[in-house]
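Heads up, the thing below is written out as C-alpha cells.
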Amino acid sequence: EQIRSFALDAVAEIVARFMPTDAVVKAAQEFLGFSNASIVSQSARILALAQVEPFLAQQQALLISERPSEVRNAARLLGYGRYRSAVPALLARIHPDEMALVDALIWALGEIGDKRALPKLHTMLSDALCTEEILEALGKIGDATSIPRLLPFLLDGVTTQRRASAQALSRVLRQNDGQAFDAALYEALKAALQATLDRDSDPAVCYHAVVCLSLLGESLAVSRILKAIGSALSTNEMEALASFFSRPKPN
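Residue numbers (the working numbering): 817 to 1067.
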C-alpha cells in the first residue's frame, strides 16, 4: 500500500499540470473506499485537482461540519480544486472564535483566487489577524487594490511579514503587467520599494523588491542590486543579472 500511495502522489502531481483521463478519475474514486488514510488522502487530492464537480460540491457541504479536522480537510481540497462556488461558504466559516480553522480557510481562498474574498481579507489584515497567511493569499489573488494594504507590512513588519508582503507585491505586479494602478499609487509603491532596498537587511525581502522594481520598468545599477541582495556572484552571473534587472523603462 505504501507503493500505491507513492504512485498516487505522483499521479496527483501530473493531474495538477494536465487534465486527467476518465480512467484516472474513476480509479481515484474507487480508492476513496480504501482503509489506508494516505491512499484516501491522495485520491481525494486527485479528484480535487481534477475539479470533479460532485466531489467538490460534497467538500463544500462539509464546511459546516462541527469537526475542525473535517473542515480543514474540506478547505484544503476546495483550494486544490480552485472551486469558486465555495468562496461564500469559505468566507462565512471564518470566525474570530474559530481561529484554529482560519489559516486553512484563508489558504483555500488564496488558491481559488476570487476577488470576492478581498473585502474580508483586507479587513482581517487591518485587524492583524493571520497576517502572513493573508499576505500570501492577497498575492495569489493578485488584485492591485491590495497594494496599499501590503506596503505598511513591507516597510514596518517583522521579517516574516516583510518577506510575505514583498513576495505578494511581486505576484500582484506580475498579474497586472506592472501597470494596473494610478500615478499616485505607482509613486508610493516605487518609493516603498526603493526604501526597502536602502534599509532592509533581509536578502529575501530585497530580492522581491528588486523583482518588483523590474516589473515596474525601473532600471537598477548592478552594484545596488548586489548590495541589497548580499550575494557574491561571478562576473557572468553579474552580467546576466544586469541584463535582466537593468532593462530600460518602457515608453
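Yeah, the Cβ is synthetic: ideal placement off N, Cα and C, and Gly gets one too.
The structure displayed is predicted, hence computed values, not measured ones.
- Message: Counting beta carbon pairs with one atom in the stretch 942-954 and one in the stretch 908-926, are three or more of them shorter than 8 Å?
- Response: yes
- Query: Three or more beta-carbon pairs under 8 Å between the stretch 928-937 and the stretch 953-971, yes or no?
  - Reply: yes
- Item | Own chain residues within Cβ distance below 7 Å of Ser981, not counting five before or after | In chain order, Leu951, Leu966, Phe969, Leu970 and Gly973 place their CB closer than 7 Å to the CB of Ser981, counting only its own chain and leaving out the 5 sequence neighbours on each side.
- Message: With a threshold of 8 Å on Cβ separation, who are the neighbours of Ser901 within its own chain once the five nearest residues in sequence on each side are excluded?
- Response: Leu872, Ala873 and Gln876
- Item | Proximity test, Cβ basis, 8 Å: Ala873 and chain C | Here there is only one protein chain, and chain C is not present.
- Cβ pair Ala1025, Leu1009 closer than 8 Å: yes
- Excluding the five sequence neighbours on either side, which residues of its own chain have a C-beta within less than 8 Å of the C-beta of Asn1067, listed in chain order? The predicted position of Asn1067 is uncertain, since its pLDDT is 49 and thus under 50; no value can be drawn from it.
- Query: Is the number of C-beta pairs between the stretch 1003-1021 and the stretch 1037-1047 that are closer than 8 Å three or more?
  - Reply: Three or more beta-carbon pairs drawn from the stretch 1003-1021 and the stretch 1037-1047 are found closer than 8 Å, and the two stretches are therefore classed as touching.
- Beta carbon of Leu894 nearer than 8 Å to that of Lys936: no
- Message: Is the separation between the beta-carbon of Leu824 and that of Gln858 shorter than 8 Å?
- Response: yes
- Message: Among Asp838, Ile819 and Gln867, whose alpha-carbon lies nearest the alpha-carbon of Ile855?
- Response: Ile819
- Beta-carbon contacts of Pro964 that lie in its chain and below 8 Å, excluding the five residues immediately before and after: Correct list, in chain order: Leu1001 and Ala1004.
- Message: Less than 8 Å between the C-beta atoms of Ser986 and Val1027, yes or no?
- Response: Yes.
- Item | Pairwise C-alpha distance: Leu865 and Phe850 | 19 Å
- Query: At which residues does the alpha helix (DSSP H) containing Thr939 begin and terminate?
  - Reply: Leu934 to Ser942 is the span of the alpha helix (DSSP H), which, as asked, contains Thr939.
- Task: Would you check if the distance between the CB atom of Tyr896 and the CB atom of Arg861 is smaller than 8 Å?
- Result: yes
- Item | Leu917 vs Val868 beta-carbon contact at 8 Å | no
- Item | Burial state of Arg979 (16 or more Cβ within 10 Å) | buried
- Message: What does the alpha-carbon distance come out to for the pair Gln845 and Phe822?
- Response: 17 Å
- Query: Whose C-beta lies closer than 6 Å to the C-beta of Phe1093 among residues of the same chain, with five residues either side of it excluded?
  - Reply: Outside the shown range of the chain, which is 817 to 1067, sits residue 1093, and nothing can be said about it.
- Query: Is the CB-CB distance between Val827 and Val841 below 8 Å?
  - Reply: no
- Measure from the alpha carbon of Gly1033 to the alpha carbon of each residue in Ser1017, Asp993 and Glu829, then state which is nearest. If we check each option's Cα against that of Gly1033, Asp993 comes out closest.
- Residues near Val1021 by beta carbon distance below 7 Å, same chain, minus five either side: Arg978, Arg979, Ala982 and Thr1012
- Give the range of the alpha helix (DSSP H) segment to which His1024 is assigned. Unbroken alpha helix (DSSP H) run through His1024: Pro1019 to Leu1031.
- Leu967 by DSSP, collapsed to three states: which one? Assigned with DSSP and collapsed to three states, Leu967 falls in helix.
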